[in-house]
Each structure stands twice: as structure tokens, then as C-alpha cells.
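Per the numbering used here: the sequence shown = residues 4 to 163. Where a beta carbon is used, it is the ideal one built from N, C-alpha and C, also for glycine.
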Amino acid sequence: MSLLSKASLEKIDYEISKYPAEQKQSAVMSALRIAQEEHGWLSTEVMDAVAAYLAMPSIAVYEVATFYEMYNTKPMGKYKLTLCTNLPCALSGADRLCKKLKERLGIDFDEVTPDGQFSLKEGQCFGACGDAPVLLINNHEMRSWVTEDKLEELLKELQS
């Protein structure tokens, strides 16, 4: 029995179809994203299932999953907040926002709140430097021009 559902395998098949048949491993990033959406994070077993499905060595899948920050190789909170700390965001107050978030949530980067609601990640450039500072929620929703007040509003919104 596969760790990947039929629905996930169908999505992965669609991603594989974008490449020549002998290059299906090119879909590894999409396959990892799909597997993470299904499981919430990428355990070794889930990564092994992706590797087997794409007929590639498990280590190659691990390398991709550990290189890119959007992949979770350990359980994360319901809301993964990733704050960009690259120079444009840092110059626009991201360092202050990081400190505020850590104090408010009582956690550091790569940790999860005791209630499992939040995890905090440090991010590297989301390609929206003109919107600095930028925060990403669960790898899908971006908030721009984040201020301490907007951050507080967001936390209240997510906690309700």
C-alpha cells in the first residue's frame, strides 16, 4: 500500500506528463509539494514513496527536500509562518518583526508552539522585494508590507 493517495498519484502523474517519459524525475519538486500537501510534512517514508514512484534514488529526493525551504522534513504547526530576512526585507524591518514573532509565539525559528498552531521559519527571498517585509503563510499566501500591527492582526485572524 502506497503512502500516497490515488488523488496525489494522479496529480503527480499530471506533473510527470510535462516532461519526456525518460525524465519523469524532473517532476520531483512538484511530487514533493503534492506529498507534503497530503501529509503535512515529508517523513523519510513519504520521501521514499516519492522516490520509488519517480524511479529515482531516495537520497536524490532527500537532497531536494532538504535544500529548499518550502519543504517540511519534520512536523510543523497548522500555520507555518515564514518571514523573509534577506537584505531588502531586513532593511524594511524584518529583523524587528522576527523578534516580535518569536516573543509573541514563544518559539524560535524551526520550532512549533506547544498547541501545534504555529511554526516559524526564516525565509530567503520570495521574489517580492518591492513589498518588503514579506511573510509567507503555509507556502501559499503572501502578506506584503508587514508591520507589527499587521502581524498582530494576522495572528488574531489565524487564532480565531
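Assuming contact is defined by CB atoms lying nearer than 8 Å, are residue i and residue j in contact in what I supplied?
{"i": "Val149", "j": "Pro136", "result": "yes"}
{"i": "Leu100", "j": "Glu151", "result": "yes"}
{"i": "Ala34", "j": "Glu13", "result": "no"}
{"i": "Leu7", "j": "Ala38", "result": "yes"}
{"i": "Ile172", "j": "Tyr56", "result": "The chain is shown from 4 up to 163; residue 172 falls before or after that span and cannot be answered."}
{"i": "Ala52", "j": "Ser5", "result": "yes"}
Taking 7 Å as the cut-off, is the CB of residue i close to at least one heavy atom of the ligand PLP?
{"i": "Glu13", "result": "As for the ligand PLP, it is missing from this structure, which has no ligand bound."}
Using 10 angstroms around the beta-carbon of residue i, count the other beta-carbons present and answer buried if the total reaches 16, otherwise exposed.
{"i": "Cys87", "result": "buried"}
{"i": "Ala68", "result": "buried"}
{"i": "Cys92", "result": "buried"}
{"i": "Ser11", "result": "buried"}
{"i": "Gly126", "result": "buried"}
{"i": "Lys27", "result": "buried"}
{"i": "Ala24", "result": "exposed"}
Just list the residues that DSSP pairs residue i with in beta bridges.
{"i": "Gly126", "result": "Cys87"}
{"i": "Met145", "result": "Leu139"}
{"i": "Phe121", "result": "Tyr82"}
{"i": "Val115", "result": "Ser122"}
Can you round the beta-carbon distance between residue i and residue j to whole angstroms, since I take them to be within the 8 Å contact cut?
{"i": "Leu123", "j": "Thr76", "result": "Leu123 to Thr76, Cβ: 16 Å. No contact."}
{"i": "Tyr71", "j": "Met50", "result": "Rounded, the Cβ-Cβ distance is 13 Å, inconsistent with contact."}
{"i": "Asn141", "j": "Lys105", "result": "That pair is no contact at about 19 Å."}
Spatial neighbours of residue i within its chain, please: CB distance less than 7 Å, with the 5 preceding and 5 following residues excluded, ordered by chain position.
{"i": "Tyr22", "result": "Ser29, Ala30"}
{"i": "Gly80", "result": "Val115, Thr116, Gly119, Gln120, Phe121, Ser122"}
{"i": "Lys103", "result": "Glu151, Leu154"}
{"i": "Asp134", "result": "Ser147, Trp148"}
{"i": "Leu158", "result": "Arg107"}
{"i": "Glu48", "result": "Leu6"}
Among residues of its own chain, excluding the 5 on either side of residue i, which ones have a beta-carbon nearer than 6 Å to its beta-carbon?
{"i": "Cys132", "result": "Pro91"}
{"i": "Thr85", "result": "Lys124, Gly126, Leu139"}
{"i": "Pro78", "result": "Trp44"}
{"i": "Leu161", "result": "Tyr82"}
{"i": "Gly96", "result": "Pro136"}
Taking 8 Å as the limit between beta carbons, can you name the residues of its chain near residue i, skipping five residues before and five after?
{"i": "Leu94", "result": "Ala135"}
{"i": "Ala63", "result": "Gln28, Val31, Ala54"}
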